[in-house]
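The sequence shown begins at 37 in the working numbering and counts up one residue at a time. Every residue gets a Cβ at the ideal spot worked out from N, C-alpha and C, and that includes glycine.
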Amino acid sequence: MTSDNTTANLGSATVRRIGYGAMQLAGPGVFGPPADPENAKAVLRHAVDAGVDHIDTAQIYGPDVVNDLIREALHPYPEGLVLATKVGGARDAQGGWLPDGEPASLKAQVEENLRSLRVERLDLVNLRRFERDHPDAYQPELADQLGALVELRDEGKIDMIGISNAHLDTVREAIDLAGVVGVQNAYSILDRTDDAIVDLARERGIAFVPFFPLGSAFVAGGGPARIAADEHVGAVARKHGATPSQVALAWLLAQYERMLLIPGTASIGHLDENLAVGEIVLDAEDLARLDKVQP
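Quick look at the structure:
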């Protein structure tokens with residue numbers, strides 16, 4: 037299997053396989069405004085000019101900051117641009133992430149996203165569950181949550197529904213209950229916990245959109261620094277004249293033809309580096325070498 041930068045289906049939409057995750061456009065800790073809002077808007081415009089047609093955002097990034105930047109930089113939106121957002125969480129006064137998934141609240145969050153992005157219908161809304169990072173927290177019934185989003189879909193306020201941060205059984209149930217078009221979970225060459233969910237996505241023909249595609253930068257000794265230090269990634273990177281991070285992203289593309297990447301950055305140069313990943317073709321020897329990377 038090889039990796040490329042061709043298009044893939046995200047539900048009813050066809051998008052390029054490398055998109056853009058806008059989370060890093062907010063301030064430190066995804067909280068508050070960035071130090072240079074004009075740079076953030078320039079990054080967004082550059083992404084679209086470079087062919088990005090799938091941008092991932094959320095009202096709670098900031099909160100309220102990133103959606104505003106997207107609207108200010110890109111509205112009126114170019115035809116074919118898919119804006120994906122997520123609902124189900126909130127922030128406290130210190131920037132902490134909190135579950136907020138009651139059906140009525142989900143509907144209110146959709147309305148906030150519609151308002152801030154200045155659209156009449158959201159292309160994709162991911163239901164963000166907290167069953168992994170807050171396993172002891174109260175979780176509303178999945179059927180009730182999805183039911184609220186299906187109602188909004190029926191009303192024309194949502195085009196597609198996805199599921200995020202969920203266990204295998206939850207993803208399977210969400211596909212059956214609401215026809216979700218994709219799953220957004222942590223997954224990388226360093227974190228293959230969700231191999232079974234990738235298999236399920238392949239079996240059911242839905243997209244898999246990994247967050248933390250280079251591993252979590254919030255884990256000591258993990259993330260991009262660990263990838264950069266890995267001897268196997270380094271060997272493949274040298275062979276292709278690429279960076280270790282580019283190889284790790286190319287590895288993801290090689291796992292499944294509907295694996296869609298949304299790497300984030302607040303740098304135009306780094307954005308171009310991410311988009312160039314589609315030009316890296318990993319052969320069987322490369323993939324065998326990368327399989328030796330210890331998750």
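Cutting at 6 angstroms between CB atoms, please list the residues of its own chain near residue i, excluding the five before and the five after it.
i	result
residue 294	44 and 243
residue 92	57, 120 and 298
residue 82	304
residue 143	184
residue 97	59, 62 and 66
residue 86	311
residue 126	134 and 136
residue 168	201
Alpha helix (DSSP H) containing residue i: first to last residue?
i	result
residue 275	267-276
residue 233	231-240
residue 168	It is not in any alpha helix (DSSP H) - residue 168 carries neither H nor E in the DSSP assignment.
residue 108	101-110
Under a three-way DSSP split, which group does residue i fall into?
i	result
residue 175	coil
residue 7	Nothing about residue 7 can be read from this structure; the chain reaches only from 37 to 331.
residue 303	coil
residue 132	coil
residue 322	helix
residue 162	strand
residue 219	strand
residue 206	helix
residue 190	helix
residue 327	coil
residue 91	strand
residue 243	strand
residue 13	The question about residue 13 has no answer here: the residues shown for the chain are numbered 37 through 331.
residue 155	coil
residue 314	helix
residue 120	strand
residue 211	helix
Quick check on the DSSP output: the beta strand (DSSP E) that includes residue i runs from which residue to which?
i	result
residue 12	The structure shown does not extend to residue 12, since the chain is modelled only from 37 to 331, so the question has no answer here.
residue 333	An answer regarding residue 333 cannot be provided, because it is not within the stretch 37 to 331 covered by the chain.
residue 51	49-52
residue 75	First-last for residue 75: 73-85, but that is the alpha helix (DSSP H), not the beta strand (DSSP E).
residue 46	43-46
Would you kindly check if the distance between the Cβ of residue j and the Cβ of residue i is under 8 angstroms?
i	j	result
residue 199	residue 149	no
residue 284	residue 250	yes
residue 193	residue 158	yes
residue 206	residue 178	yes
residue 260	residue 223	no
residue 62	residue 73	no
residue 153	residue 107	yes
residue 180	residue 139	yes
residue 53	residue 314	yes
residue 197	residue 216	yes
residue 75	residue 278	no
residue 68	residue 101	yes
residue 227	residue 248	yes
residue 88	residue 296	no
residue 118	residue 210	no
Could you check if residue i is buried or exposed, using at least 16 other CB atoms within 10 Å of its CB as the buried criterion?
i	result
residue 90	buried
residue 214	buried
residue 280	buried
residue 109	buried
residue 132	exposed
residue 317	exposed
residue 322	buried
residue 172	exposed
residue 116	exposed
residue 212	exposed
residue 112	exposed
residue 39	Legend: pLDDT at residue 39 = 39, less than 50; position of this residue unreliable, no value from coordinates given.
From the beta carbon of residue i, is the nearest beta carbon of chain B less than 8 angstroms away?
i	result
residue 280	Among the protein chains of the structure shown there is no chain B, as only one such chain exists.
Excluding the 5 residues flanking residue i on each side, which residues of the same chain have their C-beta closer than 7 angstroms to its C-beta?
i	result
residue 114	84
residue 146	123, 158, 161, 188, 193 and 194
residue 204	232, 233 and 236
residue 238	292
residue 208	236
CB-CB under 8 angstroms to residue i, same chain, minus the five flanking residues each way: which ones, in chain order?
i	result
residue 269	225, 263, 280, 283, 284, 326 and 329
residue 176	137, 138 and 139
residue 307	56, 79, 82, 83, 86 and 301
Between residue i and the ligand GTP, is the CB less than 7 angstroms from at least one heavy atom?
i	result
residue 112	Within the structure as shown, the ligand GTP is missing, as the structure has no ligands at all.
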